[in-house]
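Under the numbering used here, the first residue of the sequence shown is numbered 90, with each subsequent residue one higher. Where is the CB? At the ideal position from N, CA and C, for every residue including glycine. Written below as structure tokens is the structure these notes are about.
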Amino acid sequence: MVHVYNCHPFASQQIVPTEQEPGLVCCGGGALFVVPAGGCKIEAFQLGEEGCPLICRFATMGTVQGIRHSEIGDYLVTIEEKNNATYLRAYTNWRYQAAEKTRVGVRLLGHFLRGSSMRGAPKEQMEIIEIPLFERPLCVACCGVTGDLLVGCPKSLVLFSLKRQALNDKLSILDFERCLIIHLPGLSPQQVAICAGYIALQAELEVLVVKLERLPDAAFTQKSADKKPQDHSLVPQDMITGAEHDNETGNTLHMKTDDFFIFPKHQELLGDRAKDCGVKVSLEWTGMESEARGNLIITYILYRRFAPDFFEGCSVEETRLHSLQFHPVFTSNQEVCVEGGRGVEPTCLFCFFSLPKTGYLYSVRGGVQMVSAYQYPENAQQAVLTDLFLHIITKNALQCFSVRCAAVAARAEDPYIDTTMKACPPITMELCALRIQLFIGLKALCQTGTTPGSVCTCSVPPSWVATRAPSRGWQHRERTPSCWLLSKVHTVTVTSL
Numbered sequence: 090m091v092h093v094y095n096c097h098p099f100a101s102q103q104i105v106p107t108e109q110e111p112g113l114v115c116c117g118g119g120a121l122f123v124v125p126a127g128g129c130k131i132e133a134f135q136l137g138e139e140g141c142p143l144i145c146r147f148a149t150m151g152t153v154q155g156i157r158h159s160e161i162g163d164y165l166v167t168i169e170e171k172n173n174a175t176y177l178r179a180y181t182n183w184r185y186q187a188a189e190k191t192r193v194g195v196r197l198l199g200h201f202l203r204g205s206s207m208r209g210a211p212k213e214q215m216e217i218i219e220i221p222l223f224e225r226p227l228c229v230a231c232c233g234v235t236g237d238l239l240v241g242c243p244k245s246l247v248l249f250s251l252k253r254q255a256l257n258d259k260l261s262i263l264d265f266e267r268c269l270i271i272h273l274p275g276l277s278p279q280q281v282a283i284c285a286g287y288i289a290l291q292a293e294l295e296v297l298v299v300k301l302e303r304l305p306d307a308a309f310t311q312k313s314a315d316k317k318p319q320d321h322s323l324v325p326q327d328m329i330t331g332a333e334h335d336n337e338t339g340n341t342l343h344m345k346t347d348d349f350f351i352f353p354k355h356q357e358l359l360g361d362r363a364k365d366c367g368v369k370v371s372l373e374w375t376g377m378e379s380e381a382r383g384n385l386i387i388t389y390i391l392y393r394r395f396a397p398d399f400f401e402g403c404s405v406e407e408t409r410l411h412s413l414q415f416h417p418v419f420t421s422n423q424e425v426c427v428e429g430g431r432g433v434e435p436t437c438l439f440c441f442f443s444l445p446k447t448g449y450l451y452s453v454r455g456g457v458q459m460v461s462a463y464q465y466p467e468n469a470q471q472a473v474l475t476d477l478f479l480h481i482i483t484k485n486a487l488q489c490f491s492v493r494c495a496a497v498a499a500r501a502e503d504p505y506i507d508t509t510m511k512a513c514p515p516i517t518m519e520l521c522a523l524r525i526q527l528f529i530g531l532k533a534l535c536q537t538g539t540t541p542g543s544v545c546t547c548s549v550p551p552s553w554v555a556t557r558a559p560s561r562g563w564q565h566r567e568r569t570p571s572c573w574l575l576s577k578v579h580t581v582t583v584t585s586l
């Protein structure tokens with residue numbers, strides 16, 4: 090007898106009622122956040138209810154260029170532009186905007202105790218936190234374990250620690266403390282990711298994954314004695330300036346070779362070999378805890394560099410990395426997070442990034458290894474990794490692939506899982522494409538945070554109008570898009586699939 094199983098991963102589709110064309114979208118906390126194209130406001134929709142009703146709508150202080158949501162702390166962070174200047178802002182207690190005529194407080198980073206808005210009785214109001222930076226912010230990421238904020242700048246990464254103070258049983262204030270600056274001479278990040286002490290940054294054709302570790306005083310003293318002076322430890326400011334001077338000298342030499350092009354070759358360095366990648370990382374501690382200044386070290390985990398491939402079916406300009414993300418997997422056997430005790434560390438941590446034609450999935454916690462490499466039938470514009478599937482969007486389709494994250498996590502929790510009573514599929518099992526759902530003009534894709542069984546897509550189909558030209562007959566001329574579709578796609582549950 091032959092059993093036929095339905096492996097269709099998509100169950101249904103639900104339309105999100107937006108009044109304006111979406112520009113940016115992100116999900117988190119059971120809500121979908123939509124930034125209208127060219128607008129200075131944010132709309133939040135409830136994903137857990139039928140019809141995706143509007144939660145609230147509030148104005149921003151500038152044109153939003155990037156937006157992220159943090160599950161820990163339930164805050165939004167935006168990169169905004171106004172008067173040719175770029176700003177980084179955090180929006181906390183945004184759910185209070187569901188009530189009409191709600192107060193809004195604006196304050197600087199670190200002023201939640203001295204600010205006048207906090208004097209007297211606690212107020213139910215949304216807070217806008219201005220986060221000053223020395224450099225222009227390029228990208229942001231939030232840690233899913235601690236809620237910390239990582240900001241990518243042209244020459245550095247800035248790490249902000251999330252602080253919380255409870256005013257009463259119902260109200261609490263969130264704030265951030267700038268605790269660490271990671272200097273990256275010669276490498277400008279386009280995307281960043283952070284999770285449980287691991288930091289990943291993505292340039293145009295390079296990916297670097299490192300881990301921040303705090304060692305005991307005795308262990309740090311012994312390790313510092315064994316290291317050479319040029320190793321990656323805390324360095325004075327004059328040494329950082331010297332490194333930047335060396336970088337400028339290298340750029341000057343590079344400008345003299347503009348008569349020809351040099352393409353770097355493919356390179357993959359895992360574990361201890363990744364420190365030989367040529368990217369010299371230095372740390373500058375800026376936090377209030379002086380005892381943490383001396384025992385903070387950085388460990389290289391992964392370095393991957395790609396060369397433009399002329400045989401991939403796309404031009405050199407299109408050959409660039411995208412969709413960098415960390416994906417933690419939690420199981421029943423979880424360790425308590427020692428630093429701050431604000432969460433638990435994941436059993437496994439995966440790092441995903443993608444080229445237009447190929448996606449790469451690595452396991453980086455407890456030893457680094459490549460888990461899977463995905464070959465796309467079309468050029469992928471964006472990809473999102475979940476516990477069960479890998480979703481990618483092309484120009485006109487939403488595609489779904491199988492993943493092996495659960496198998497890696499199961500073997501990490503129980504190395505002897507393969508017995509006569511139970512078994513786990515090997516992580517090297519061949520991957521497969523499960524479904525290709527057609528859309529028109531897909532622009533963005535995001536995963537819902539609290540409901541991992543659904544994803545949200547934004548499509549803007551082009552409009553066509555027929556015109557008649559003299560002596561040429563009928564022609565088709567493309568005009569500005571006049572319609573859009575923001576939808577929530579439900580996936581089949583694990584048991585049903």
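Which residues bound the beta strand (DSSP E) around residue i?
i	result
leucine 486	For clarity, residue 486 is alanine in the given sequence; the question names leucine instead. Element bounds for alanine 486: 486 to 491.
arginine 303	295 to 303
cysteine 145	143 to 148
glutamate 216	215 to 220
arginine 393	385 to 394
valine 535	According to the sequence as given, residue 535 is cysteine; it is not valine. Here the beta strand (DSSP E) through cysteine 535 covers 531 to 536.
histidine 355	Careful: histidine 355 lies outside any beta strand (DSSP E) and carries neither H nor E.
threonine 235	Where threonine 235 is concerned, there is no enclosing beta strand (DSSP E), given that its DSSP letter is neither H nor E.
glutamine 291	287 to 291
tyrosine 449	447 to 452
glycine 126	A small correction: the amino acid at residue 126 is alanine; glycine does not occupy that position in the sequence shown. Run containing alanine 126: none; DSSP gives neither H nor E here.
Buried or exposed: where does residue i fall if 16 or more other Cβ atoms within 10 Å of its Cβ makes it buried?
i	result
methionine 215	buried
valine 105	buried
glutamate 295	buried
serine 443	buried
asparagine 172	exposed
threonine 517	exposed
threonine 508	exposed
aspartate 264	buried
valine 195	exposed
glycine 456	exposed
lysine 111	In the sequence under discussion, the amino acid at residue 111 is proline, which differs from the lysine named in the question. Its Cβ being crowded by 16 or more others within 10 Å, proline 111 is buried.
phenylalanine 490	buried
isoleucine 525	exposed
glycine 367	exposed
threonine 107	buried
Would you mind stating whether residue i and residue j have Cβ atoms separated by less than 8 angstroms?
i	j	result
valine 281	cysteine 228	yes
threonine 447	alanine 462	yes
glycine 140	glutamine 109	no
cysteine 440	valine 298	yes
alanine 469	proline 445	yes
threonine 375	lysine 300	no
aspartate 237	isoleucine 283	yes
cysteine 242	glutamine 536	no
leucine 121	leucine 136	yes
valine 124	valine 153	yes
serine 261	arginine 253	yes
glutamine 458	tyrosine 451	yes
leucine 534	isoleucine 482	yes
leucine 239	glutamate 219	no
arginine 178	glutamate 170	no
arginine 303	leucine 385	yes
proline 274	lysine 369	yes
Sorted by chain position, which residues of the same chain lie with C-beta nearer than 7 angstroms to residue i's C-beta, five sequence neighbours on each side aside?
i	result
leucine 143	Glu132 and Phe134
asparagine 182	Gln214, Met215 and Glu216
alanine 363	Tyr389, Ile390, Leu391 and Tyr392
aspartate 163	Gly118
cysteine 513	Ala496, Ala499, Arg500, Ile506 and Asp507
valine 91	Reliability of the predicted coordinates at valine 91 is poor, the pLDDT of 48 falling under 50, and no value is obtained from them.
glutamine 326	Low confidence applies to glutamine 326: its pLDDT is 45, below 50, so where it sits in the model is not reliable, and the reading given next is rough at best. For glutamine 326, where only same-chain residues beyond five positions count, there are no Cβ hits under 7 angstroms.
Going by beta carbon distance, what residues of the same chain come within less than 6 angstroms of residue i, once the five residues before and after it are set aside?
i	result
glutamine 356	Arg394
leucine 290	Pro278, Val281 and Leu297
threonine 420	Thr436, Ala498 and Glu502
tyrosine 465	Lys446
leucine 358	Cys366 and Tyr392
leucine 479	Phe490 and Val492
Determine the extent of the alpha helix (DSSP H) in which residue i is found, giving its start and end residues.
i	result
valine 497	494 to 502
Within its chain, find whatever has a CB closer than 8 angstroms to the CB of residue i; leave out the 5 residues flanking it on each side and keep chain order.
i	result
arginine 146	Lys130, Ile131, Glu132, Ala133 and Gln186
alanine 495	Val418, Asp476 and Leu477
glutamine 102	Ser576, Lys577, Val578 and His579
arginine 225	Thr175, Cys242 and Pro243
Count the C-beta pairs between the segment 230 to 239 and the segment 153 to 166 that are closer than 8 angstroms, then say yes if the count reaches three, no if not.
Yes, they touch.
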